Amino acid sequence: METAIEKRASWSGSVAFVLAAAASAIGLGNLWRFPYLAAQYGGGMFILIYLVLVATLGFTLMATEIAIGRMTHQSQLTAFSCLSKKWGIIGLAGMVISLLITPYYCIIGGWVLYYFKAYVQMAFTGVNIMGEAAASSGEVFTSFISAPFAPFGYGMIFIIACAAVITLGVKNGIEKSNLVMMPILFLMAIALSVYVVFLPGSGAGLKYYLVPNLDCFIAPDGSFSPALLGKTILGAMGQMFYSLSLAMGIMVTYGSYTNKSDSIEKCVRRIEIFDTLIALIAGLMIIPVVYIFAVKTGTDVREAMSAGPGLMFITLPKVFATLGAAGPWVGAGFFLLVIFAAATSAISLMEACVASVCDVMKINRKPATFFTMCLIMFLATFSAIGYGPWADVKLFGMQFLDFFDFFTNSALMPIVAAATCVFVGWVLGPKRIIEECEAEGQVMHVKGAYAFMVKYLAPAFMIVLLVSEVCRALGIGGWKI
Ligand code: PHE
Numbered sequence: 001m002e003t004a005i006e007k008r009a010s011w012s013g014s015v016a017f018v019l020a021a022a023a024s025a026i027g028l029g030n031l032w033r034f035p036y037l038a039a040q041y042g043g044g045m046f047i048l049i050y051l052v053l054v055a056t057l058g059f060t061l062m063a064t065e066i067a068i069g070r071m072t073h074q075s076q077l078t079a080f081s082c083l084s085k086k087w088g089i090i091g092l093a094g095m096v097i098s099l100l101i102t103p104y105y106c107i108i109g110g111w112v113l114y115y116f117k118a119y120v121q122m123a124f125t126g127v128n129i130m131g132e133a134a135a136s137s138g139e140v141f142t143s144f145i146s147a148p149f150a151p152f153g154y155g156m157i158f159i160i161a162c163a164a165v166i167t168l169g170v171k172n173g174i175e176k177s178n179l180v181m182m183p184i185l186f187l188m189a190i191a192l193s194v195y196v197v198f199l200p201g202s203g204a205g206l207k208y209y210l211v212p213n214l215d216c217f218i219a220p221d222g223s224f225s226p227a228l229l230g231k232t233i234l235g236a237m238g239q240m241f242y243s244l245s246l247a248m249g250i251m252v253t254y255g256s257y258t259n260k261s262d263s264i265e266k267c268v269r270r271i272e273i274f275d276t277l278i279a280l281i282a283g284l285m286i287i288p289v290v291y292i293f294a295v296k297t298g299t300d301v302r303e304a305m306s307a308g309p310g311l312m313f314i315t316l317p318k319v320f321a322t323l324g325a326a327g328p329w330v331g332a333g334f335f336l337l338v339i340f341a342a343a344t345s346a347i348s349l350m351e352a353c354v355a356s357v358c359d360v361m362k363i364n365r366k367p368a369t370f371f372t373m374c375l376i377m378f379l380a381t382f383s384a385i386g387y388g389p390w391a392d393v394k395l396f397g398m399q400f401l402d403f404f405d406f407f408t409n410s411a412l413m414p415i416v417a418a419a420t421c422v423f424v425g426w427v428l429g430p431k432r433i434i435e436e437c438e439a440e441g442q443v444m445h446v447k448g449a450y451a452f453m454v455k456y457l458a459p460a461f462m463i464v465l466l467v468s469e470v471c472r473a474l475g476i477g478g479w480k481i
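Number 433 in the numbering used here belongs to position 433 of the sequence shown; there are no gaps in the numbering.
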C-alpha cells in the first residue's frame with residue numbers, strides 16, 4: 001500500500017550495527033582533532049588519559065544511549081518523551097544538535113571533496129594547483145573558503161550524496177555504503193601510516209607522539225601544575241565525547257534498529273576499539289610528517305601541531321609538497337580517506353534527523369529524507385557563505401560555522417549528556433538500562449560500575465566540562481586549547 005507507514009528498519013545483525021556505529025564515530029574528529037590534541041598535551045600522557053575516559057565515561061554514555069533507543073524503538077526526538085513526558089526535552093535538544101551539526105559538517109565535507117579533486121588533478125596533470133605549494137597552501141585555503149560559490153557547491157554535492165544513501169534505507173543504503181567505505185578507509189589509513197613510519201627521520205616524531213611527556217604538567221616556575229593536568233583531562237574528555245558521536249541522538253537512533261539478542265556491552269566495546277584505533281593510526285600518519293616538516297623548515301614543532309583545523313588544510317598540503325613526486329598521490333589518498341570518514345559520519349547525523357522526522361510526522365523515509373535534505377541545505381548555506389560574502393556577519397563574534405560548532409559541541413552536548421545521566425541515574429533508574437543490556441540472557445559484567453558512573457561521576461564530569469568549555473570560549477581564566 002502506497003500510504004502505509006513502513007515497518008521500523010533494523011540492522012541485519014550485530015556486525016552491521018557495530019560497523020555503522022563505528023562509521024559514525026570515525027570522522028574528522030579522529031583524523032585531525034585527536035592527533036593535534038595528542039601532540040599538544042604531552043603525547044603518550046594524553047593517550048593514556050583518553051583511553052581511561054573512553055573505557056569508563058564513554059562506555060557509560062554510549063551504552064545508555066543505545067539501550068534507550070532499543071528499549072523505546074524510537075529515534076531521539078521521541079525516545080525520551082516515551083519514557084517520561086517531562087524529560088522529553090532532552091530528545092528535542094538532541095535533535096537540535098544534530099540539525100545544527102549536519103549542515104556545517106557537510107560544508108567541511110565539501111572542503112575535503114575540493115582538496116581531493118585538487119590532488120587527483122595534480123597527480124594526473126602534474127600541474128600544481130596549490131600554487132607554489134609550500135608557501136601558498138594557506139592562501140589556497142582562504143581563497144577557497146571565502147569564494148562566493150565553490151564552498152556552497154561542493155557542500156551541496158556532499159549533502160545530496162549523503163541523502164541519496166539514506167533514501168536507500170538502513171540495510172540497503174547505510175549498511176552497504178559502510179561495507180564499501182569502511183574497509184577502504186582502514187586499509188588506506190594503515191598503508192599511509194606505514195609509509196610515514198618508514199620515512200627517514202620519523203623516529204623523533206614518533207617519540208614525540210607516543211612517549212608520555214610530563215613536561216606539559218609543569219608550570220613555568222618548575223612545579224607540578226594540577227591546573228594543567230585538569231586541562232589535559234578536559235581536553236581528552238571533550239575529544240572522547242565528540243569522537244564517539246555521543247549526546248546528539250545518533251546512538252539512540254542506531255540503537256533503535258538493533259535486535260534484543262545483541263549484547264550492548266560487547267557492541268560498545270567493539271565500537272570504542274575501532275574508533276580509538278583509527279585515532280591512534282591517524283596520529284601515526286600525521287604527527288611524524290608534521291614533525292619532519294617542522295624540523296626541516298625550522299618551525300616550532302608545537303606551533304606546527306597546534307594549527308587546529310588549519311593542520312589538515314594548510315599544514316598537511318605543505319608537508320605533501322615536500323614529498324616530491326609521491327606528494328600528490330599521498331595527498332589524494334589522504335583526502336579520499338578523509339572523505340569516507342566524513343561521509344559516514346555525516347550520513348549518521350542526517351539519519352538521526354530523518355528518523356526523527358519519520359517518527360514525529362509519521363511519514364515514510366523518502367519524503368522525510370527530502371524534507372530534511374532541503375532543511376539542511378538551507379542551514380548549510382549560512383556556513384558556506386559565512387567566510388565569504390557574509391564574512392562581516394558575526395554571531396557573538398564568531399563566523400556562522402564556528403558559532404554552530406561552539407554552540408553544539410561546547411554548550412548543548414555537555415548539557416544533553418548531563419541531563420541524560422541525571423534522568424537515567426535518578427528518574428528512570430540505572431536498573432532499567434541494565435535490564436535492557438541483559439535482555440534475552442545477555443550478561444552485563446560492569447553493572448555496579450555502570451550504576452555508579454551514571455548516577456554520580458558522569459553528571460559531575462559533564463558539568464565541569466560544560467563550565468570549562470564556556471570559560472574557554474569566552475576567554476575566562478586563561479582557558480585555551
Ligand atoms: N564522531 C565524529 C568524529 O569523530 C564526529 C561527529 C560529530 C559525527 C557529530 C557525527 C556527529 O569526527
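Glycine included, each C-beta is placed from N, C-alpha and C at the ideal position.
It should be emphasised that the depicted structure is a prediction, and the values quoted were computed from it without experimental measurement.
- Here residue 474 is exposed, its C-beta having fewer than 16 other C-beta atoms within 10 Å.
- Look at residue 218 here: in three-state DSSP terms it is strand.
- Set against 6 Å, the gap from the CB of residue 463 to the closest heavy atom of the ligand PHE is not smaller.
- The alpha-carbon separation between residue 215 and residue 282 amounts to approximately 23 Å.
- Listed in chain order, the non-local C-beta contacts of residue 102 below 7 Å within the same chain comprise 346, 349, 350, 353, 376, local neighbours out to five positions each way being set aside.
- Contiguous alpha helix (DSSP H) elements confined to the region 30-70 occur at 34-40, 44-53, taking only those with 4 or more residues.
- A direct Cα-to-Cα measurement between residue 118 and residue 126 gives close to 11 Å.
- Annotation: the continuous alpha helix (DSSP H) that includes residue 404 extends over 400-405.
- DSSP places residue 149 in the coil class of the three-state scheme, outside both helix and strand.
- Two segments are said to touch when three or more pairs of C-beta atoms, one from each, lie closer than 8 Å; by this definition the region 321-334 does not touch the region 39-46.
- Pairing residue 265 with residue 71 gives a Cβ-Cβ distance that is not under 7 Å.
- Counting other Cβ atoms within 10 Å of its Cβ, residue 162 reaches 16 or more and is therefore classed as buried.
- Looking at the DSSP output, residue 371 sits in no beta bridge, so it has no partner there.
- For the set 77, 122, 286, 338, the Cα lying nearest the Cα of residue 96 is the one of 77.
- For residue 323, the secondary structure class from DSSP, reduced to helix, strand or coil, is coil.
- The beta carbons of residue 58 and residue 244 sit about 5 Å from each other, so the pair counts as a contact at 8 Å.
- In terms of side-chain proximity, the C-beta atom of residue 349 is found nearer than 6 Å to a non-hydrogen atom of the ligand PHE.
- Taking 6 Å as the cut-off, one finds at least one heavy atom of the ligand PHE near enough to the beta carbon of residue 27.
- Within the same chain, Cβ atoms closer than 7 Å to the Cβ of residue 410 are found at 469, 470, 473, the five residues on either side in sequence being excluded.
- Not one heavy atom of the ligand PHE falls within 6 Å of the beta-carbon of residue 128.
- Taking C-beta separations shorter than 6 Å and ignoring five residues to either side along the sequence, the partners of residue 209 in its chain run 43, 283, 287, following chain order.
- By the 16-neighbour rule on beta-carbons within 10 angstroms, residue 104 is buried.
- Three or more pairs of CB atoms, one per stretch, sit closer than 8 Å, so the region 266-275 contacts the region 19-35.
- When DSSP states are grouped into helix, strand and coil, residue 212 belongs to the strand group.
- In summary, residue 234 is buried, with 16 or more beta-carbon neighbours lying within 10 Å of its beta-carbon over all protein chains present.
- Selection 62, 13, 448 evaluated against residue 24 yields 62 as nearest (Cα-Cα).
- The region 331-342 and the region 177-189 touch, with no fewer than 3 CB-CB distances between them shorter than 8 Å.
- By the criterion of a C-beta distance shorter than 7 Å, residue 413 is surrounded in its chain by 97, 241, 247, 248, once the five residues flanking it on both sides are discounted.
- The beta carbon of residue 175 sits closer than 8 Å to those of 11, 12, 16, 19, 20, all from its chain and outside the five residues before and after it, given in chain order.
- The beta-carbon separation of residue 319 and residue 289, rounded to 5 Å, stays under the 8 Å limit for a contact.
- In this structure, residue 344 and residue 178 form a Cβ contact; the two beta carbons are roughly 6 Å apart against a cut-off of 8 Å.
- Between the region 383-393 and the region 144-155, the count of C-beta pairs closer than 8 Å reaches three or more; the two stretches touch.
- Here residue 313 carries a helix assignment [DSSP, helix/strand/coil].
- With a contact defined as Cβ atoms closer than 8 Å, residue 232 and residue 49 qualify at about 6 Å.
- If you compare the alpha carbons of 156, 183, 450 with that of residue 379, the shortest gap goes to 156.
- Here the alpha carbons of residue 313 and residue 138 stand approximately 8 Å from one another.
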